[in-house]
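In our numbering, the protein residues as written are 61 to 355.
Below is one structure, written out as structure tokens; the observations come after it.
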């Protein structure tokens, strides 16, 4: 009986120490999370730089490791975690907090990006007033390149896209007339007939088509916020090394002149907002072409 009583007392003491240790460690964790939250919030409000964020998180993590180890050793003499386990616990906590920081960073980037896209809309709207005189091809060329450059500049950091405008020529084929950036590479003499591939289908059907991953060779049509999977195979040439494409018709006054294509080397690079931006750019180009040809 005496032995049982001693064992019971020992187990009770162990649980008491464990409880006190957990309480103190929880408070330490709360303090660490508070520091991390304040740090990330400060970054979101542009009060701290990214380097300062990492330094503060690492420093507070080291302090947490040292204090936490002391608390555990003081209250739980029978339990000794190896040093590697303690380091692993702190790294795990740091990783969880860092994931939260990345979420804040993504929100901030999206906010800045949304503002930039709004600026692009305004820029295109302003360009309408300086789209040149009827019959002036140089004015048309300058205007179209300004629209394409504005689009590329907005999306450069996000997708590094290439953009081109294909116009229907006298033989009925679509060929590239304008593109940006100047480093863009396309197959020499590339052309599409109406109804052929993504560009040809976008032209003949008057719909925008998005190919999230060209290797699957199927596109998604976008018409008035309605989406439909198409069985249209994208014709991929040997020189092309991009992975996703937007094809949207260039038209004005009910007349379709060609197709605006946006491509990226990344799969699933674009979303529906990006398709809408491409449609706005294509509409601006269509109005300029209509004005040019109205002579």
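Note that beta-carbon positions come from the ideal geometry of N, C-alpha and C, so glycine has one too.
Problem set entry | Proximity of residue 307 and residue 232 at Cβ, strictly below 8 Å | By one-based count along the chain shown, residue 307 stands at place 247. By one-based count along the chain shown, residue 232 stands at place 172. The criterion of a C-beta distance shorter than 8 Å is not satisfied by residue 307 and residue 232.
Exercise. Can you give the Cα-Cα distance for residue 152 and residue 346, rounded to whole angstroms?
Worked result: Taking the chain shown and counting its residues from 1, the one referred to as residue 152 is at position 92. Taking the chain shown and counting its residues from 1, the one referred to as residue 346 is at position 286. Using only the alpha carbons, I get a separation of about 54 Å.
For this session: Decide yes or no for the touch test of the region 195-206 against the region 311-319: beta carbon pairs closer than 8 Å, at least 3 of them.
Result: Segments in contact, no.
For this session: Kindly indicate the opening and closing residues of the alpha helix (DSSP H) around residue 262.
Result: Here residue 262 corresponds to residue number 202 of the chain shown, with the count starting at 1. First-last of the alpha helix (DSSP H) with residue 262: 257-265.
Exercise. What's the C-alpha gap between residue 260 and residue 254?
Worked result: The residue given as residue 260 occupies position 200 in the chain shown. The residue given as residue 254 occupies position 194 in the chain shown. Taking the straight line from one Cα to the other gives about 4 Å.
Problem set entry | Residue(s) in a DSSP beta bridge with residue 240 | Looking up residue 240 in the chain shown gives position 180. Looking at the DSSP assignment, residue 240 forms a beta bridge with 223.
Problem set entry | With 16 other Cβ atoms within 10 Å as the buried cut-off, status of residue 197 | On the chain shown, position 137 is the one that residue 197 refers to. Label assigned to residue 197: exposed.
For this session: Please report how far the alpha carbon of residue 352 lies from the alpha carbon of residue 199, in whole angstroms.
Result: Position 292 of the chain shown, counted from the first residue, corresponds to residue 352. Position 139 of the chain shown, counted from the first residue, corresponds to residue 199. Cα to Cα, the separation comes out at about 9 Å.
Exercise. Under a Cβ-count criterion, where at least 16 other Cβ atoms within 10 Å of its own Cβ denotes burial, should residue 298 be classed as buried or exposed?
Worked result: Working through the chain shown from its first residue, we reach residue 298 at position 238. A caution first: residue 298 carries a pLDDT of 43, below 50, which makes its placement in the model too unreliable to give a value.
Exercise. Using CA coordinates, which residue listed in 262, 229, 219, 223 is at the minimum distance from residue 331?
Worked result: Against the chain shown, residue 331 aligns to sequence position 271. Among 262, 229, 219, 223, the Cα nearest to that of residue 331 belongs to 219.
Problem set entry | Three-state secondary structure assigned by DSSP to residue 213 | Residue numbering aside, residue 213 sits at position 153 when the chain shown is read from its first letter. DSSP places residue 213 in helix when its eight states are reduced to three.
Exercise. Roughly how many whole angstroms lie between the Cα atoms of residue 238 and residue 214?
Worked result: The residue you call residue 238 lines up with position 178 of the chain shown. The residue you call residue 214 lines up with position 154 of the chain shown. Whole-angstrom Cα-Cα distance: 18 Å.
Problem set entry | Range covered by the beta strand (DSSP E) that runs through residue 253 | Residue numbering aside, residue 253 sits at position 193 when the chain shown is read from its first letter. Segment 251-253, the beta strand (DSSP E) holding residue 253.
For this session: For residue 335, I'd like the list of residues in its chain whose CB is within less than 8 Å of its CB, leaving aside the five on either flank, ordered along the chain.
Result: Mapped onto the chain shown, residue 335 falls at position 275. Counting only Cβ-Cβ distances below 8 Å, and skipping sequence neighbours, we find 268, 270, 282, 306, 308.
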